[in-house]
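To start, the structure under review is shown below, and the notes come after it.
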Amino acid sequence: MAGVLNKILVSLTPPPVVNPVDYDGLEYKWKIFVFRPALFKNEVYLLTGLFVYIAVVYYGVLINSKRANKWFKAHLPVLEQQFSKPLGKTGLTSDGNSDLFNFSTGRRNVASLHTVFTLRPRHDPFQFLFQFGRTLVDLQYRPKDDIQLDFKLSSGALPQDFVWAVVAKDELLSIKDDRWDLTFTKTTENVALPPTLSVMSEFADVTENLLKSSLVSVLSNPKVLPYFRSLSVTDQPRSRPEGPLPAQSRQKHVILSLSVPSSSHASDTTELVSALFPFIDSLSQLNLRPETKTKLKRVREDLDKDLKADSEREKKEEVNQAAEDKKAAKRRAEEERIAKLPAAEQQKILEKERKRSMRKSQGKVSVRK
Numbered sequence: 001m002a003g004v005l006n007k008i009l010v011s012l013t014p015p016p017v018v019n020p021v022d023y024d025g026l027e028y029k030w031k032i033f034v035f036r037p038a039l040f041k042n043e044v045y046l047l048t049g050l051f052v053y054i055a056v057v058y059y060g061v062l063i064n065s066k067r068a069n070k071w072f073k074a075h076l077p078v079l080e081q082q083f084s085k086p087l088g089k090t091g092l093t094s095d096g097n098s099d100l101f102n103f104s105t106g107r108r109n110v111a112s113l114h115t116v117f118t119l120r121p122r123h124d125p126f127q128f129l130f131q132f133g134r135t136l137v138d139l140q141y142r143p144k145d146d147i148q149l150d151f152k153l154s155s156g157a158l159p160q161d162f163v164w165a166v167v168a169k170d171e172l173l174s175i176k177d178d179r180w181d182l183t184f185t186k187t188t189e190n191v192a193l194p195p196t197l198s199v200m201s202e203f204a205d206v207t208e209n210l211l212k213s214s215l216v217s218v219l220s221n222p223k224v225l226p227y228f229r230s231l232s233v234t235d236q237p238r239s240r241p242e243g244p245l246p247a248q249s250r251q252k253h254v255i256l257s258l259s260v261p262s263s264s265h266a267s268d269t270t271e272l273v274s275a276l277f278p279f280i281d282s283l284s285q286l287n288l289r290p291e292t293k294t295k296l297k298r299v300r301e302d303l304d305k306d307l308k309a310d311s312e313r314e315k316k317e318e319v320n321q322a323a324e325d326k327k328a329a330k331r332r333a334e335e336e337r338i339a340k341l342p343a344a345e346q347q348k349i350l351e352k353e354r355k356r357s358m359r360k361s362q363g364k365v366s367v368r369k
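Heads up: the sequence shown begins at 1 in the UniProt record's numbering, then just goes up one per residue.
Written out as structure tokens, the structure is:
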């Protein structure tokens, strides 16, 4: 045993350092210490790679932080004008190096505003390269720096139930993958909007009430268009719920999605953000036709029925699966009990099971006759 341990220790012990006698390169000596730089070529490459990686990480963190803070500072006067509490406890809060958020509250018709930055992972060169590689394979994949302003409306701010949006056309192929609520809508063109934008609406009457000249004007601003992704008004959650939502749990939102401008153009979207507040205030004055209200109500009643049916089916499947698992566990326990018995006892039990199976099969045959 001792010999085996010695062999293991010998194999783990690094070989002694051999200093070549004929070394004639650069050398530094201090007392018993000798440093010969030419012997550390690999270490130099490793340290250089490490420093480059640290520099890339630091630069990525700096760029993301600068972009988010520049945009937020440019729009902070708007938030301060509209909200009694425009900032959270710590202002713009970082959640990692690519996600930042702020919480604003204290305004008529708006229960709260979540401003969420989702930036590209510039601090992670491997993930950044993965995104770049994916763009070469998937032509529909276009990673962007995203800002989302999610206005949760107060009760009474939007008396009608509907889903409506204005969306940049290059977002149409993917937006429904992330927004289940927009699957309620149909996509149409609108002559009042720039050709790069489309309308997603349940009914034309909703569009006629929402798409006013003031909103069209700001959406047509050439400063805003490069960064505009979508503006939506919705009474539905963004992900499909597991069952019908109780009335007290239903929320209505106005959601603005933008690409983050560069630091030098951070203020280009200020006009659009400012225009959202009078737009939200006007929602309480919508005057939909009675037949439109009836259709919207019917759509939601049918949805609740479908969600309820799906929920009940899933619960039934879970109950059946639990019963099957219980039977299987009971069967395994019985098999383990039988396996521990003497061979003669096992033979008796097997014979008993065989006779029971024969009686069952005979009973089925007689019933068929």
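C-beta: ideal position from N, C-alpha, C; glycine also. Note that the structure is predicted; figures quoted are calculated from it, not measured.
Note that the segment 200 to 216 does not touch the segment 260 to 267; fewer than 3 beta-carbon pairs, one per stretch, sit closer than 8 Å.
The three-state secondary structure of Asp145, taken from DSSP, is coil. Around the CB of Thr188, fewer than 16 other CB atoms lie within 10 Å, so the residue is classed as exposed. Contact holds between the segment 153 to 169 and the segment 179 to 187, because three or more Cβ pairs, one in each stretch, are under 8 Å apart.
Separation of Glu171 and Ala328 (C-alpha to C-alpha, rounded to the nearest whole angstrom) is 49 Å. The segment 110 to 117 and the segment 42 to 50 do not touch, with fewer than 3 CB-CB distances between them shorter than 8 Å. Cβ-Cβ distances below 6 Å link Arg289 to Asp205 in the same chain, with the five nearest sequence neighbours on each side left out; the list follows chain order.
With respect to the 8 Å criterion, Phe128 and Arg134 are not classified as neighbours on the basis of their beta carbons. Between the alpha carbons of Lys85 and Leu211 lies a gap of roughly 30 Å. Using a Cβ-Cβ distance cut-off of 8 Å, the segment 148 to 155 and the segment 246 to 263 are in contact, since at least three pairs of beta carbons, one from each stretch, lie closer than that value. For Leu158, same chain residues with a beta-carbon under 6 Å away, outside a window of 5 residues either side, are Lys252, Leu283 in chain order. Contact annotation: Pro244 and Lys326 have beta-carbon atoms that are not nearer than 8 Å. With a minimum length of 3 residues, the unbroken runs of beta strand (DSSP E) contained wholly in the segment 64 to 125 fall at 99 to 104, 110 to 118.
Per DSSP, Ile255 is one residue of the beta strand (DSSP E) stretching across 253 to 259. In the structure shown, the three-state DSSP call for Asp178 is helix. Residue pairing of Tyr28 in beta bridges, as defined by DSSP: Phe35. In the structure shown, Ser230 falls within a strand segment according to DSSP collapsed to helix, strand and coil. Within its own chain, the residues whose Cβ lies closer than 6 Å to the Cβ of Arg240, once the five positions on either side in sequence are excluded, are Trp180, listed in chain order. If you draw a straight line from the Cα of Lys176 to the Cα of Gly88, it comes to about 31 Å.
Counting along the chain, Val199 sits inside the beta strand (DSSP E) bounded by residues 197 to 201. Beta-carbon to beta-carbon, Leu286 and Gln160 are separated by about 6 Å, close enough to satisfy the 8 Å threshold. With 16 or more other Cβ atoms inside 10 Å of its own Cβ, Ala68 counts as buried. Following the DSSP letters along the chain, one finds Lys186 inside the beta strand (DSSP E) bounded by residues 186 to 188. With a threshold of 16 other beta carbon atoms within 10 Å, Ala339 falls short and is exposed.
Per the DSSP secondary-structure output, Val166 pairs in a beta bridge with Val199, Leu231. When secondary structure is reduced to three states using DSSP, Leu283 falls in the helix class. About 4 Å separates the CB atoms of Leu100 and Phe117; that is less than 8 Å, so the two are in contact. Linking Lys330 to Met358 through their CA atoms gives a straight-line distance of about 22 Å. Note on geometry: alpha-carbon atoms of Arg238 and Ser11 lie some 60 Å from one another. In the three-state scheme derived from DSSP, where H, G and I count as helix and E and B as strand, Leu153 is classed as strand. Secondary structure remark: continuous alpha helix (DSSP H) runs of at least 4 residues inside the UniProt region "Disordered" (308 to 369), in chain order: 343 to 368.
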